[in-house]
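Structure, as structure tokens:
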Amino acid sequence: MKDDVSSVARPVKELKGFHKIWLEPGEAREVEFIIEREHLMFTGQHYRLVLEPGRSH
Numbered sequence: 009m010k011d012d013v014s015s016v017a018r019p020v021k022e023l024k025g026f027h028k029i030w031l032e033p034g035e036a037r038e039v040e041f042i043i044e045r046e047h048l049m050f051t052g053q054h055y056r057l058v059l060e061p062g063r064s065h
């Protein structure tokens, strides 16, 4: 995830909804990432979790 504009300084990129899977050599598998509202929240200026408006890329 990447936040172009935020009310507080944020990491340039963040890994969200990560799960490790194991594949055998030559094996392929389709994976799905489900990003919930809680994944997009962060600690704001007053040390409370906030969800700011943004845009999807």
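Number 26 in the working numbering belongs to position 18 of the sequence shown; there are no gaps in the numbering.
Built from N, CA and C at the ideal position, the CB exists for glycine as well.
All values derive from a computational prediction rather than experimental measurement.
Using the C-alpha atoms, what's the distance from residue j back to residue i?
| i | j | result |
| --- | --- | --- |
| VAL20 | PRO33 | 33 Å |
| HIS47 | GLY25 | 7 Å |
| ARG37 | LEU31 | 8 Å |
| VAL13 | ILE42 | 23 Å |
| GLY52 | VAL58 | 6 Å |
| MET49 | TYR55 | 12 Å |
Compare the Cα-Cα distances from residue i to each of the options and report the closest residue.
| i | options | result |
| --- | --- | --- |
| GLU40 | TYR55, VAL13, LYS28 and ASP11 | LYS28 |
| GLY62 | GLU35, ARG45 and LEU23 | ARG45 |
| LEU23 | GLU60, ASP11 and ALA17 | ASP11 |
What does DSSP give as the partner residues of residue i in its beta bridges?
| i | result |
| --- | --- |
| PHE50 | VAL58 |
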